[in-house]
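What follows is a set of notes on a single structure, which appears directly below.
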Amino acid sequence: MWKLKFFIFVLGVACAGMQLHAGEKIDSLSVAQKKTEFFGKPFFPAGSFSLNRSSWNQNAKPQPKGKKSLKKGLLLSLVVPGSGEFYAKSWLKGMVFLGIEIGSWVAYSDYHKEGKDLENQYTAYADKHWLPDQWNNWWNSLPESERAVYAHHQLPKTKTQQYYEMIGKYMKYNAGWDDVSYQPGI
Numbered sequence: 041m042w043k044l045k046f047f048i049f050v051l052g053v054a055c056a057g058m059q060l061h062a063g064e065k066i067d068s069l070s071v072a073q074k075k076t077e078f079f080g081k082p083f084f085p086a087g088s089f090s091l092n093r094s095s096w097n098q099n100a101k102p103q104p105k106g107k108k109s110l111k112k113g114l115l116l117s118l119v120v121p122g123s124g125e126f127y128a129k130s131w132l133k134g135m136v137f138l139g140i141e142i143g144s145w146v147a148y149s150d151y152h153k154e155g156k157d158l159e160n161q162y163t164a165y166a167d168k169h170w171l172p173d174q175w176n177n178w179w180n181s182l183p184e185s186e187r188a189v190y191a192h193h194q195l196p197k198t199k200t201q202q203y204y205e206m207i208g209k210y211m212k213y214n215a216g217w218d219d220v221s222y223q224p225g226i
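With the sequence shown counted from 1, adding 40 to any position gets you the working numbering.
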């Protein structure tokens, strides 16, 4: 649990750091002007509400030399998170994104392993303490009218996740546990 809390804390610090070190100046555009812009370009070209490509290309400015390509940065970040930031020479944000990605995979791996260990523990416990023969004896000792009440759940023949879930979840299978004393027919 502490690992999850630590991960959330690091994620929060990283997000706060990105805001502080973004290097972007706050402009003095009014709220109305900001609503009409999308990534610094007018959402609808002046005097036109069409979204065809020619109207966008007319308003496009040539890219100055030395300025990085947005598309290339996006593609780099898709391949390796943070690499687009490194490409744009934003080293701190690149390290933060890459660190978050690495931390996420480490946390996933750790929790996945922990989950598999717990799964192995409960299957070993069930294999040791749930006795199919004891359960079958109890089941066969029930009158047919009683069996009809419990007939809606059928135990799988193989020991799958559903098998273990059912023997631990439904009362129908309680008689198979070694700590249950049952009387045939009851």
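In this text, a Cβ means the ideal position worked out from N, Cα and C, and glycines have one as well.
As the structure is a computational prediction, the values presented were derived from the model and not from experiment.
Subject >> Completely contained alpha helix (DSSP H) runs for the region 140-203, where each covers 4 or more residues >> reply: Within the region 140-203, the complete alpha helix (DSSP H) runs of at least 4 residues are 172-181, 184-190.
**OP:** Report yes or no: do the region 132-140 and the region 156-168 share at least 3 C-beta pairs separated by less than 8 Å?
**Re:** Inter-segment contact for the region 132-140 and the region 156-168 is absent: fewer than three beta-carbon pairs are separated by less than 8 Å.
Subject >> Cβ pair Gln174, Ala147 closer than 8 Å >> reply: Not closer than 8 Å, so no.
Original post:
Hey, Gly124 and Leu114 are a contact pair by Cβ (cut 8 Å); roughly how many whole angstroms apart?
Top reply: Yes, Gly124 and Leu114 are in contact; Cβ-Cβ is about 6 Å, under 8 Å.
Subject >> Cut-off 7 Å between Cβ atoms - residues of its own chain near Asp218, not counting five sequence neighbours on either side >> reply: Non-local C-beta neighbours of Asp218 in its own chain, meaning closer than 7 Å and more than five positions away in sequence, comprise His169, Leu171, ordered along the chain.
**OP:** Within its chain, find whatever has a CB closer than 7 Å to the CB of Tyr127; leave out the 5 residues flanking it on each side and keep chain order.
**Re:** Counting only Cβ-Cβ distances below 7 Å, and skipping sequence neighbours, we find Lys108, Lys112, Gly113, Leu116.
Original post:
Closest to Val50 by CA distance: which of Tyr151, Tyr204, Thr200, Val136 is it?
Top reply: Taking the Cα of Val50 as reference, the smallest distance to any Cα among Tyr151, Tyr204, Thr200, Val136 is reached at Val136.
**OP:** Within 10 angstroms of the Cβ of Trp131, are there 16 or more other Cβ atoms? Answer buried if so, exposed if not.
**Re:** Exposed, by the Cβ-count rule.
**OP:** Run the CB neighbour count on Lys209, radius 10 Å, all protein chains shown included, and call it buried at 16 or more, exposed below.
**Re:** Counting Cβ neighbours within 10 Å, Lys209 comes out exposed, since fewer than 16 surround it.
Original post:
Between the Cα of Lys45 and the Cα atoms of Ser144, Met211, Val120, Val119, which residue gives the shortest distance?
Top reply: Measuring C-alpha to C-alpha distances from Lys45 to each of Ser144, Met211, Val120, Val119 identifies Ser144 as the nearest.
Original post:
Could you give the distance in angstroms between the alpha-carbon of Ala188 and the alpha-carbon of Val120?
Top reply: Separation of Ala188 and Val120 (C-alpha to C-alpha, rounded to the nearest whole angstrom) is 58 Å.
Subject >> Cβ shell of Tyr203 (< 8 Å), same chain only, five flanking positions each side left out >> reply: The residues are Leu195, Pro196.
Original post:
What are the boundary residues of the alpha helix (DSSP H) that includes Lys111?
Top reply: Residues 110-119.
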